[in-house]
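Residue numbers (UniProt numbering), protein chains in the order written: chain A, 1 to 382; chain B, 1 to 382; chain C, 1 to 396; chain D, 1 to 396. For each residue, glycine too, the CB sits at the ideal point set by N, CA and C. The structure displayed is predicted, hence computed values, not measured ones.
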Amino acid sequence: MDFAFTDEQQMIRDSAETFLKATSTSAAVRAAMSTELGYDAELWQRLCGELYWQAIHIPETYGGLGLSYVEVVALFEQMGRFLLCAPYFSTVALATNALLCAGSEAQKADYLGRICAGSTATLAFTRSRDWSVEGVSADFQRRGDEVVLNGEYRYVIDGHSAEFLILAAREQGCDQPSGIRLFVVTAEQAGLERQVLPTMDQTRRQANISLNNLCVPASAELEHGDWQALEKTLQLATIALAAEQAGAMQQLLDMTVAYTQERHQFNRPIASFQAIKHKAADMMLRSEVARSAIYYAACTADTALGDGNAFGADLAEAASIAKSWCSESCFSNAAEALQMHGGVGFTWEYDVHLYFKRAKASEHLLGDSSWHRENIAAMLLD
Amino acid sequence: MDFAFTDEQQMIRDSAETFLKATSTSAAVRAAMSTELGYDAELWQRLCGELYWQAIHIPETYGGLGLSYVEVVALFEQMGRFLLCAPYFSTVALATNALLCAGSEAQKADYLGRICAGSTATLAFTRSRDWSVEGVSADFQRRGDEVVLNGEYRYVIDGHSAEFLILAAREQGCDQPSGIRLFVVTAEQAGLERQVLPTMDQTRRQANISLNNLCVPASAELEHGDWQALEKTLQLATIALAAEQAGAMQQLLDMTVAYTQERHQFNRPIASFQAIKHKAADMMLRSEVARSAIYYAACTADTALGDGNAFGADLAEAASIAKSWCSESCFSNAAEALQMHGGVGFTWEYDVHLYFKRAKASEHLLGDSSWHRENIAAMLLD
Amino acid sequence: MKLQFNQDDEIFRREIASWLEENLSGEFAPLKFRGGPGDEHMFPEERKRWEQRLAEGGWTCVGWPKQYGGRGLTIEQQVIFYEEYARAGAPGRMGHIGDGLAGPTIIAFGSDEQKARYLPGILSGREFWCQGYSEPGAGSDLANVKTKARFDEAAGKWLISGQKVWTSLAHESDYCFVIARTDPDSQAHKGLGFFLVKMDQPGITVRPIEQITGTSEFNEVFFDDAECGAEDIVGAPGDGWKVAMGLLGYERGVSTLGQQMAFQNEFDEVVALARDNGAAKQPAIRQRIAQAHIGLKLMRYNSMRMLSGDKGDGSLQREALIYKLYWATWHRELGELAMDILGPEADILAAPPYELNRLQSLFLFTRSDTIYGGTNEIQRNIIAERGLGMPREKRW
Amino acid sequence: MKLQFNQDDEIFRREIASWLEENLSGEFAPLKFRGGPGDEHMFPEERKRWEQRLAEGGWTCVGWPKQYGGRGLTIEQQVIFYEEYARAGAPGRMGHIGDGLAGPTIIAFGSDEQKARYLPGILSGREFWCQGYSEPGAGSDLANVKTKARFDEAAGKWLISGQKVWTSLAHESDYCFVIARTDPDSQAHKGLGFFLVKMDQPGITVRPIEQITGTSEFNEVFFDDAECGAEDIVGAPGDGWKVAMGLLGYERGVSTLGQQMAFQNEFDEVVALARDNGAAKQPAIRQRIAQAHIGLKLMRYNSMRMLSGDKGDGSLQREALIYKLYWATWHRELGELAMDILGPEADILAAPPYELNRLQSLFLFTRSDTIYGGTNEIQRNIIAERGLGMPREKRW
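Have a look at this one:
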């Protein structure tokens, strides 16, 4: 047992911190979020070309770096901390994991290869607030060598810009989980329409995707692309999202401590007021525990990814623990940060609101805290 | 609209405060709670004989003072504040209200007359944690001029000592609310066994009551004693319980503010620490809002009692609002009081623990906060 | 203690309700449910015309004594007025600061000349006011006011210099009442003055604050030797604290019940949403909706106690002291609840580029409720110190 | 970063587990799940004999270096030891203070003579220790210690006078380590000494504190010229703070994982209860049970990080700083949850006159968790000041 970063992991984390601090500045974030694309394509190129982050946990066989999910989580933590605007979550946490869980060797070689080369991708699976198996409402029909898909997806992260997509659909007329299959398709084709959704949290784009008799070859069906693979993918993505939240929590704490040290009222730095100190202490508690949660979940994810057959309860539990803690805690830290910033926290000019909005948006993505707690309760009690 | 005590109401409240401060002292409470009876019979006699509190809202026709539920609530508030050990809640909030809601003229004249004369009484209706209609599990069968009752009751307040009891039972074989009837019986008779339950909160006694072919005359059946009358009784009692909680909250606040002003740490009174001040401020907020809740509920109860047919949603809503706020708030105030007293709050010697235990026990009686919130949610949403 | 309104009051209720129904039509129909907090920057001109319509009906300054042109309503009737106003969805009052704060202050502390000069414009819905209270370095700590007023003997005028912040609708206002330090060497609550200042003058610059919502209704106001007539100080130099404290009383007056009716409208929208999207079936959401309902009812009962002046145990002061902390926290939680009922849909805007829907606006805007007018933390200090007699914070 | 224990560790796990299974039988069977917090006053004699049994098996002082008679276990093995100990329901350790605190302190800071004198009694499970830290006026603020130690030159001994409070099992202990002021004019952290004091002497009076539970396991200890040999001060006079701070480190050591396993036993009981009485079907209770489970898992992950010494971003200190606040709050909430699952049954005792059932005891006893050893409020101060570098509270 060794529950600490190895030297190599620490190095990756530190270099991510250094890089993102310099590139994902407040000005850069604000510039990116005002574009339609939602991110800086040039920065994405650097990220892929120089740092090779998009390939971090893709096995070396497929051209990736072959590192573990611990490194993935370490990167997401820093990205959440610096509010990086990039199609990284969609490409790595969603699409790459889906391919790892569901692709045949050939499919992995092909599509993971594209991701290694800098392609963006995402996963579309639900059209409602339902993150469980019932949320999959698009359907498909097999017609000879083709498959025809119909339906609508909402909350598709970076759906407007991803170069290819993994789509979840259920066989027409089958309402069992066993009817669910995954398909990989390129974005630009007849029968697939996408519409970017304006979002309160401008640091992450979401889209609507409509399928109208989208015809794809049978080979687009991911070989192991069943509900179990999708569920595992979502759990892996949930851990990445929690890691972003943990990173944001730390940054909110740091910003707030710095601000309260500077800001004076009643002739004292407001950091000297016990009410402020105690709120900050609670923020730190939440933040430290969040880190324990995501590192543990990262180790569990790594085991699950390493074992193709591991669809056990461990990953589900670790993901739900991490997300339920981090979702509420990140929002709490953001809310307290805003409150402690006082009036200026309420302005567009200060960055607090960017984190605040991201916290609320991320809270709802992939299940909020109550939803994940009910998952845990079901494991324990039913 | 005049949402303030009249001068007369204020006088009654003030005299209750003065009387209880002098008689329901820490020493008196500790003496009473160590007896098997659970209260000081002499004090009860003074309360009935000198102050006539047991008759406060019994109409003058039946020998009572004919005052309103506002006065009742004002008394309960002071009793909760001074932790009075007496069969007052059982006799007035439970039995008297049941008789007022369900008795015929003759029954009221008889039994309310006994209460005016100082008899103690209570209500027994559930054997489980269920405070709704499903909780009534004892049953009865009519046999000629007699009724035979069987079953068990738990959590019967002062059930070990009450001189007569109102029993709720359902007609054998009928699981509809319409099968529920109320009976009034004297305590000492064959077929009725009672057993005092040792309680964590020693300031209020509870008992188990078993009925084994208890035969009572048909006249023991309360004329209007159906589920609606029982439900209304429980709502009225719930308001009285909330009033006790509000009184306790205020006392906890006062004790705590006084203690923190005296107690020094780091060479300052601990009342000067902002964390302590803010906790106290929150206690005061909860306490003031609790008072608004119980006074409003008292007015609503008064209207409902005045109108024999008023089984409307107003009373149910007011009771659930009052209890849901006061239950949680009283426990919060008790918990914070204990915390702010530090080590001594953890000792048997200081009174905080008496309030703390009372708060937890009262929280669960007649439905906890979630239960009452779900009542409200059902009214709003279903 | 009784809850019912009497028959005259109920007649009055029907009168105002039907007046509103009749008049909130035609050109004013689009103003329904607009102009509240978070939306105050919308339709300023139309809402100013609405103020004049109100004045024509005799519905401005309903609580002012008749001798000053008010309607002289009883407390109960004022409660009813504000309730019906909000229930009808009548627009956020552009005249609120004049009607509810400046006017009552001038009536209580002002000179006859000030009354004659300023009250008619408020009554007629033609002159609008804003307040110059908070300062960037002082937050809501009046004792720390740095804005200075010096009397220019030659010109016979006060010259005011400094900066105020969080001034709602400054750019739409004709006048501002300003707390400024008349004695430059004074400290804390001493040496303050309360000034009535014309906004349209070279010495005043208004800069809108871009908020978390992407909109601006708060402003910074810069005073650079802004002029104020010798006759336009309320009370004497040095009385500013006393006058301002009186004014704080009005802020917690009957209009709170109108505010609550607006909250009720918002709450009803939240409930309707939960029913529509199925969230009303989720146990955790049900609990929170019930809690919000309970909280709002209790807010109302508490205000009724406040207005009835229950001094039973010296508690008028007490229930009033908690009021700001209570409603601000409740309102902020309502915003969070709305988002959590929306779930992932909470993140999707009404329209690009950044048009919030009403509930998103509620969510974001209510973050200011626990900050302006004394943060929750300041409120807790005040409650502990004034309500419970606990020691004051030391200055360093 | 990896979670798995290696194979040797798993072999070790089976070894201790089977030893416990074998030995927790016969006379020791009734001790299962007894003697934990809230129950520490029970079966003291039997539990002392159990300590000797442990010693015979080589299971006392498992983390001490071998050169001092310890078992010299690795961190992982210590974790396993404490986990299995708690999992088996082995009784609350009478030897905990000696084994976990006094011994390591003597090893780190004591003289050779002290080591020779005191370690064997701890190792053999025959000499028991208590701690003299908190004082009535000082709470957990060591800097405010008022107990005095003066050196009597004639007798060649230290004479200690003062009062300690919250001393667990003082009446069952042979020795007490006492923080006292060696320099009467000193202030704060200076001038303290760390003394090893024999309990059985005329100068010491132990008075049990009757607790909220109706039982007593904490005591007040009065020192009235209690004697302590010149050779029984650890370090030099004035070193007391340094020694005490080292000791605080041990308190947050590997035994936390054993504590958590005991928490797990309690949690499992709560879950079983909820299943039995149907509360597990209530959505609000389900959420709270899940939250408790999550909280306990996270406590474990946090400890594992703490023990792995993740200094990634200087955070060893950080995750350790939050630990007390976290577990104390979690444990207190578990007690509340247990009561709320019991519902009205929570109020009914196991037996008259005042015999609490295990969950009631948990509920009441956990109120002390957020008080002793530094209240939650003190913990938050420490986190803010040491963890975040925020200004210290001013003394008045």
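Taking C-beta separations shorter than 6 angstroms and ignoring five residues to either side along the sequence, SER111 (chain C) has no partners in its chain.
Contact check for ALA319 (chain B) and THR238 (chain B): beta-carbon distance about 4 angstroms, within the 8 angstroms limit, so the pair qualifies. A straight line joining the alpha-carbon of ILE166 (chain A) with that of TYR111 (chain A) spans about 11 angstroms.
For VAL344 (chain B), the three-state secondary structure derived from DSSP is helix.
Ranked by Cα distance from VAL136 (chain B), the first of B:TYR155, B:THR120, B:GLN261, B:GLN245 is B:TYR155. The beta carbons of THR167 (chain D) and GLN131 (chain D) sit closer together than 8 angstroms. Runs of the beta strand (DSSP E) spanning 3 or more residues and lying entirely within the region 69 to 110 of chain A do not occur at all. The way I'd put it, the region 351 to 365 of chain A doesn't touch the region 261 to 281 of chain A; fewer than three beta-carbon pairs between them come closer than 8 angstroms. For HIS278 (chain B), the chain A residues whose C-beta falls within less than 9 angstroms of its own C-beta are GLN274, ALA275, HIS278, listed in chain order. Taken through DSSP and simplified to helix, strand or coil, PRO120 (chain C) comes out as helix. For the 8 angstroms CB-CB criterion, MET304 (chain C) and PHE5 (chain B) do not form a contact. Along the region 285 to 296 of chain C, going in chain order, the ones with a CB nearer than 7 angstroms to a CB of chain D are GLN287.
Closer than 7 angstroms at the C-beta level to chain D, one finds these residues of the region 330 to 341 of chain B: LEU338, GLN339. Interface annotation, ASP351 (chain A): not in contact with chain D, CB-CB separation never under 8 angstroms. Nearest to VAL196 (chain A) by C-alpha distance, out of C:ALA351, C:GLU40, C:ARG13, C:ILE16, is C:ALA351.
By the C-beta criterion, the region 214 to 224 of chain C is judged to be in contact with the region 167 to 185 of chain C, since at least 3 inter-stretch pairs fall below 8 angstroms. Between the region 94 to 114 of chain B and the region 228 to 242 of chain B there are three or more C-beta pairs closer than 8 angstroms, enough to call the two in contact. Taking 8 angstroms as the CB threshold, PHE5 (chain A) lines the interface with chain D. Under the Cβ distance rule, VAL72 (chain A) does not count among the residues neighbouring chain D, no pair being separated by less than 8 angstroms. By the beta-carbon neighbour count (other beta carbons within 10 angstroms, threshold 16), CYS174 (chain B) is exposed. The Cβ atoms of MET200 (chain A) and LEU349 (chain C) lie closer than 8 angstroms to each other. Taken through DSSP and simplified to helix, strand or coil, LYS198 (chain C) comes out as strand. Here GLU244 (chain A) is not bridged, per DSSP, to any residue. With distances taken between CA atoms, GLY309 (chain D) lies nearest to D:ILE75 out of D:ARG34, D:PRO30, D:ILE75.
At a cut-off of 8 angstroms, the C-beta of TYR295 (chain B) has a neighbouring C-beta in chain C.
Around the beta carbon of ARG129 (chain B), 16 or more other beta carbons sit within 10 angstroms, so the residue counts as buried. Around ARG373 (chain B), the beta-carbon contacts reaching into chain C at under 8 angstroms are ARG286, GLN287, ALA290, GLN291, ILE294. Interface annotation, LYS394 (chain D): in contact with chain C, CB-CB separation under 8 angstroms. In this structure, GLU269 (chain D) lies away from LEU364 (chain D), with their beta-carbon atoms at least 8 angstroms apart. Note on geometry: alpha-carbon atoms of ALA16 (chain B) and VAL73 (chain B) lie some 12 angstroms from one another. Assignment of beta strand (DSSP E) within the region 282 to 357 of chain B, counting only whole runs of 3 or more residues, yields no such run. In this model, HIS189 (chain C) and ASN375 (chain B) are separated by some 50 angstroms (Cα to Cα). By the Cβ criterion, the region 144 to 153 of chain C is not in contact with the region 277 to 295 of chain A, since fewer than three pairs of Cβ atoms, one from each stretch, lie closer than 8 angstroms.
In the structure shown, VAL234 (chain D) falls within a strand segment according to DSSP collapsed to helix, strand and coil. Spanning the alpha carbons of VAL206 (chain D) and ALA170 (chain D) requires a straight line of approximately 7 angstroms. Residues of chain C whose Cβ lies closer than 9 angstroms to the Cβ of PRO283 (chain D) are, in chain order, GLN282, PRO283, ALA284, ARG286, GLN287.
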